[in-house]
Structure formats: C-alpha cells, structure tokens
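J.:
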Amino acid sequence: MNIFRLAGDVSHLVAIIILFLKIWKSKSCAGISGKSQVLFALVFTSRYLDLFTVFISAYNTIMKLVFLVLSYATVYLIYMRFRGSYDSENDSFRVEFLLVPVTGLAFLENYAFTPLEILWTFSIFLEAVAIMPQLFMITKTGEAESITTHYLFFLGLYRALYLANWVWRYHTEGFFDQIAVVSGVVQTIFYCDFFYLYVTRVLRGSGKMSLP
Amino acid sequence: HALKIPHDEL
Chain L
8 MNIFRLAGDV
18 SHLVAIIILF
28 LKIWKSKSCA
38 GISGKSQVLF
48 ALVFTSRYLD
58 LFTVFISAYN
68 TIMKLVFLVL
78 SYATVYLIYM
88 RFRGSYDSEN
98 DSFRVEFLLV
108 PVTGLAFLEN
118 YAFTPLEILW
128 TFSIFLEAVA
138 IMPQLFMITK
148 TGEAESITTH
158 YLFFLGLYRA
168 LYLANWVWRY
178 HTEGFFDQIA
188 VVSGVVQTIF
198 YCDFFYLYVT
208 RVLRGSGKMS
218 LP
Chain A
181 HALKIPHDEL
C-alpha cells in the first residue's frame, strides 16, 4: 500500500458515495446513465469473486464489500426506487458494443485460462469502457449537473492515481500488471477530455457543465 | 506477460 494507491481507493469511494447521495438526497437520477451503473455493478461482481477464494487483507475485503453494496444500491435507486426520474430516452448507448468485444478480449488475453481469471480480466477491460454510456448521455443532452461532474472527476482521478501507484510499485517492488496497466491507461484517456471541460467550465464557471 | 495472482488491488 502506498499513498497513490490509498488516494486512488479513497477517490473511487468518494465518487461512488457522491453519486449515491446525489440520487438519494434529490430523489432523482436525472442525467445519470443507469447503463453505466449496471456495467460498474457487473465490473465489481466479476472482479470480486475472489472474495470466496483468497483473503488479501481486512482492508481489501471491506472495500470490496462496500463497492459491491454501493454499486447495487445505486442500480436499485435508478431502476426501482426513483425509476420515474430515469431518463431512458437519452441513455441510449448500445452496451452490447462494449460487452461483446470486452468478453472476446478477456478470453484471448488473460493471465490464466480459468473462469475466475477470465472474469477478472473481463472486469478490468469492462471498467475501462463502462463510463461510455454516461459520457454518451452527457454529449447527447449537452449538459451535466455540477454534482454529476464531481462524480466523474473523482472516478477519473481514481484510475489516474492508480497509474502513479503502478509506476511506484514497478520501481519499488518490480510489480507490473500488464493487463491492468494497459486498461488503466485507456480508461484514464477516456476521462482526459472530460477533465479539461471540468476545469475550464465547472471549476472556473458555475453550476452546470454545458457543451458547446 | 507478468503474472500477478492473486490480485491484491481493488
């Protein structure tokens, strides 16, 4: 555990809590892509199956459980409790365009051809692209509430901090997880355009982020 | 490629 990894995990947790509380407090999931949230729940489910097979640390186990519970709770809020506010019209990204290639790649490129390893690889690849329905929705409607942009900022920051963690781990312990690193770089690149808009429009401006 | 199992990151 190093400072980049810890900051990354905290950033990830903050992002998920921001989104959950936004929906909970406002009793609305307007502007939120339910599809992205289902994909993230799928990411955590397929990655954390090792909860049943290995014990890493209490921290590791607790964080995994928290991520799982919060991701399913968020999906529940969007599709059940506050489904009346769900904007299915604009949440029209075709997720099969992500799931099919990601599944295929997980079978082709993995550390071991076992069910758990293929599912772990699937989760790493899927996480890299899971935000696309949300970014697509923002592009389609042309705007995002500032609280939604804070969520996206922390979610993007998390993987960027993991990149620093991987550089650190490579130099200190020779650790190099090729699948995670390559996917993490791709994932972070997806947020770069958003980071730019976030700094120039949300932080320097006020209220909503609207696209030109 | 480098093998890292079990995965100790989140």
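Protein sequence lines, in the order shown, are assigned to chains L and A. The first sequence begins at 8 in this note's numbering and counts up one residue at a time. The second sequence begins at 181 in this note's numbering and counts up one residue at a time. Even glycine gets a Cβ: it sits at the ideal position worked out from N, Cα and C. Here the structure is a predicted model, which is why all the values come from computation and not from measurement.
In the DSSP output, what is residue 151 of chain L paired with across the bridge?
T.: L:216
J.: Which value, in whole angstroms, describes the spacing of the CA atoms of residue 166 of chain L and residue 91 of chain L?
T.: Looking at the two C-alpha atoms, the distance is approximately 32 Å.
J.: Any C-beta of chain A sitting closer than 9 Å to the C-beta of residue 129 of chain L?
T.: no
J.: Using CA atoms only, rank isn't needed, just tell me which of L:37, L:114, L:119 and L:46 is closest to residue 104 of chain L.
T.: L:46
J.: I need the straight-line Cα distance from residue 38 of chain L to residue 142 of chain L, nearest angstrom please.
T.: If you take the alpha carbons of residue 38 of chain L and residue 142 of chain L, they lie about 10 Å apart.
J.: Alpha carbon to alpha carbon, how far is residue 220 of chain L from residue 198 of chain L?
T.: Nothing about residue 220 of chain L can be reported from this structure: the residues present for chain L run from 8 to 219 only.
J.: Cα separation between residue 188 of chain A and residue 74 of chain L?
T.: Residue 188 of chain A and residue 74 of chain L have their C-alpha atoms roughly 15 Å apart.
J.: What is the DSSP secondary structure of residue 32 of chain L, reduced to helix, strand or coil?
T.: helix
J.: Check the Cβ of residue 50 of chain L against every Cβ in chain A and list those closer than 7 Å, keeping chain order.
T.: Residues of chain A passing the Cβ test: none, with the nearest at roughly 11 Å.
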